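Chains as they are written, first to last, in the working numbering: chain A, 1 to 347; chain B, 1 to 347.
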DNA sequence: AATTATTGTGCAATCGTTCCCGGCACAACC
DNA sequence: GGTTGTGCCGGGAACGATTGCACAATAATT
């Protein structure tokens, strides 16, 4: 192996100029040889390619970005990768992005609006070619995103979307998923079904609440606002979940079933019910959105609504890359809705 | 807000040249005015600053990276963020990096050597100023990393380290952690203690095996190679874990306790024991490294060795940034070892 | 033999920024 | 009055890669 010793200290990758100098050619010839242009003689090509191979030459992506005016990378904003649902989405995103030659830069909001804003503005200024966004629980003001969108930065929303920005959206069928979960609780004999959810302005909260209401309506059960509990930070702090459930259990008419709207809240709820030593499913049946793959190991048990997370990541990325690579402005946007599946666990 | 309409379609931020043209100055003057150099008159400065403010000018970080020959970003290579331990490490990394003005780019190996190599070479080709690496289960050949290191790319290893590269390392006290877990099993009355671990060349495997042996030795229990099971991909495929445990349970002298060496394997083992309907802890006591925060919900129960993951991420990042920003070559490297803690769960 | 293709290569501009160098005023000095 | 100084600013090179254009050398044609 040959080391680059132009400078003994700093990490200095080889450049076209290095190859050109070593071989007594011009940089343009070297560049063309590497890109396999027809106007370079086979001998020169071989010479250059062999040498490039030997020193393990890689084109400098930063110089390319500057020249091409794009970075071949996309930014992702989500609440946290420790959440199984998002981890699976990320895997889907990467599977598509890498195939199409894009880098993926992941940023976490931890459900804070300020963090989201800083992250996304940072990404935009670092010239990502597009954004995949799932809004934080705190976010109500999307004006900074509208700004970037109006100025032409492609973006696709997934999971937690907003209608204030006209672009592609990819979500699970939250209404149907919530309906099925609630219906399951009803069929298990529950009559006072509580609903634990994230902040009330998130799209997923609205839709899942809708599905819950539809199920109650179908079976002629009354809707009672007292049974709905919101967690402003989506259960990011266990205290939120703790208080919400204790309040529910202190109601005069305790709920006998609960539908939980998100991964983190579902897990958090199980923790609280275990602490409170409430018998599941005798005293309380629990169903909730959750993509964890260890639910079968848990007690108390959770009947889960599972989202096609990997696929959602794939589709969102495909949509985004198509936007980025489109030669003409796109005005026709799609809202894609994928079905969830219900995994029944009943001990 | 003023939008740049040089081109109606693409996202085109303002440049120095735009300001210079608008104000009838040269780009160098504008640049100097913005950087507040003393050789620009107060009036010109104010003129430039006001205009820049008005159009919301941001320097192009890509051009800066090319010029400064650094990107103010660090790369991370780890097996998968869906693993709680790594998710926590990432949070630690970000907490330090963002404070010091660095971006974090995360890549996942999913325990494959080829994936690791491609990812890291991609990162190194210029876009990152340094690397945080935890090796994949498959990796035995670190020559491509040695290469980058010799050429001056700063890197710090965490968790799964190698001694083939002379740089900072930050790990948990794996020997002690494994010793305590095994000792716990012995004190619970186990006499035939199996050990389920990742691929045999990983540093963590070697160290954790050592701790296991030391505990056996201290209590005069025989070491039996038949009780050691390796999973080449660290349990990335559940089948690996499945086969390993079934083999253990088919031994003439079945083990009555098992010490598991990693997060994913611990979870995988619980799944298998549940499937096999083996009574825990009556027939089998399980202890293992695991940073999951829902272990209290699981049955069968797992006594866990918990690593200070967040802190490891923080320390590794601090070390790396110090390397990157050091004006002189560093030859004095540190191996930092953090204590684990044992969480006993016994149902 | 002169002209025209064809082939292979180099020059220079470009992307956005920084910074060295030099130049033009005007003032202060011996 | 020349020399030196100083404040203010523009020109241009550099970072690394791509690419249109020019030009050389050789081959093919008239």
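Glycine is no exception: its CB is placed at the ideal position from the N, C-alpha and C atoms. Since the model is a prediction, treat every value here as computed from it, not as a measurement.
Asked                                                                                                                                                                                          : Found
Beta-carbon of residue 340/A versus every beta-carbon of chain B: anything under 8 Å?                                                                                                          : no
Give the range of the alpha helix (DSSP H) segment to which residue 62/A is assigned.                                                                                                          : 61-68
Which whole-angstrom value describes the C-beta separation of residue 211/A and residue 161/A, a residue pair presumed to lie in contact below a C-beta threshold of 8 Å?                      : Not a contact, Cβ separation roughly 16 Å.
Cutting at 6 Å between CB atoms, please list the residues of its own chain near residue 317/B, excluding the five before and the five after it.                                                : 93, 96, 97
Give the single residue among 267/B, 221/B, 172/B whose Cα lies nearest to the Cα of residue 310/B.                                                                                            : 172/B
So for residue 71/B, helix, strand or coil by DSSP?                                                                                                                                            : coil
For my contact list, residue 71/A and residue 129/A are in at a C-beta cut-off of 8 Å; report their separation, rounded to the angstrom.                                                       : 6 Å
Determine which residues of the segment 52-73 of chain A have a Cβ less than 8 Å from any Cβ of chain B, and write them out in chain order.                                                    : 56, 58, 59, 60, 61, 62, 63, 65, 66, 69, 71
With 8 Å set as the bound, which would you pick, yes or no: does the beta-carbon of residue 2/B sit closer than that to a beta-carbon of chain A?                                              : Because residue 2/B carries a pLDDT of 34, less than 50, the predicted location of this residue cannot be relied on, and the following value inherits that uncertainty. It does not; no Cβ of chain A falls within 8 Å.
In chain order, what residues of the same chain have a beta carbon less than 8 Å from the beta carbon of residue 321/A, not counting five sequence neighbours either side?                     : 74, 96, 97, 100, 102, 130
Counting only beta-carbon atoms, is residue 152/B nearer than 8 Å to chain A?                                                                                                                  : yes
For residue 38/A, count neighbouring Cβ atoms within 10 angstroms of its own Cβ and tell me buried if that reaches 16, exposed if not.                                                         : exposed
In angstroms, rounded to a whole number, what distance separates the CA positions of residue 144/A and residue 116/A?                                                                          : 10 Å
CA-CA distance, residue 26/B and residue 133/B?                                                                                                                                                : 45 Å
Run through chain A and tell me which residues come within less than 8 Å of residue 274/B, C-beta to C-beta.                                                                                   : 296, 297
Name the one or two DSSP bridge partners that residue 338/B has.                                                                                                                               : 172/B
Run through chain B and tell me which residues come within less than 7 Å of residue 84/A, C-beta to C-beta.                                                                                    : 82
Between the segment 29-49 of chain B and the segment 332-346 of chain A, can you find at least three pairs of beta-carbon atoms closer than 8 Å?                                               : no
Assuming residue 342/A contacts residue 184/A under a Cβ cut-off of 8 Å, what Cβ separation, rounded to an integer in Å, is found between them?                                                : 6 Å
Quick one: which chain A residues come within Cβ less than 8 Å of residue 409/B?                                                                                                               : Because chain B spans 1 through 347 in this model, residue 409/B falls outside it and cannot be assessed.
Closer than 7 Å between beta carbons: that is the criterion. Which residues of the segment 245-276 of chain A meet it against chain B?                                                         : 267, 270, 271, 274
Measuring straight from C-alpha to C-alpha, what distance separates residue 283/B and residue 218/A?                                                                                           : 48 Å
Let me know if residue 276/B comes out buried or exposed under the rule of 16 or more other beta-carbons within 10 Å of its beta-carbon.                                                       : exposed
Where does the unbroken alpha helix (DSSP H) through residue 53/B begin, and where does it stop?                                                                                               : 42-55
What does the Cβ neighbour count give for residue 328/B, buried or exposed, with the cut at 16 atoms within 10 Å?                                                                              : exposed
Leaving out five residues before and five after residue 270/B in sequence, what residues of the same chain have Cβ atoms less than 8 Å from its Cβ?                                            : 286, 298, 300, 302
Would DSSP call residue 324/A helix, strand or coil?                                                                                                                                           : helix
Below 8 Å, can you find three or more Cβ-Cβ pairs linking the segment 218-228 of chain A to the segment 185-200 of chain A?                                                                    : yes
Is residue 331/A buried or exposed, if buried means 16 or more other CB atoms sit within 10 Å of its CB?                                                                                       : exposed
Please work out which residues of its chain come closer than 6 Å, Cβ to Cβ, to residue 349/B, disregarding the five sequence neighbours upstream and downstream, and give them in chain order. : One cannot answer for residue 349/B here, as it falls past the ends of chain B, which runs 1 to 347.
Grouping DSSP H, G and I as helix and E and B as strand, with all else coil, what is residue 270/B?                                                                                            : helix
Are the C-beta of residue 90/B and some C-beta of chain A separated by less than 8 Å?                                                                                                          : yes
With 8 Å set as the bound, which would you pick, yes or no: does the beta-carbon of residue 32/A sit closer than that to a beta-carbon of chain B?                                             : no
By the criterion of Cβ-Cβ separation under 9 Å, what are the contact partners of residue 94/A in chain B?                                                                                      : 107, 108
Below 8 Å CB to CB, which residues in the same chain sit around residue 293/A once its five sequence neighbours on both sides are set aside?                                                   : 84
Alpha carbon to alpha carbon, how far is residue 14/A from residue 125/B?                                                                                                                      : 9 Å
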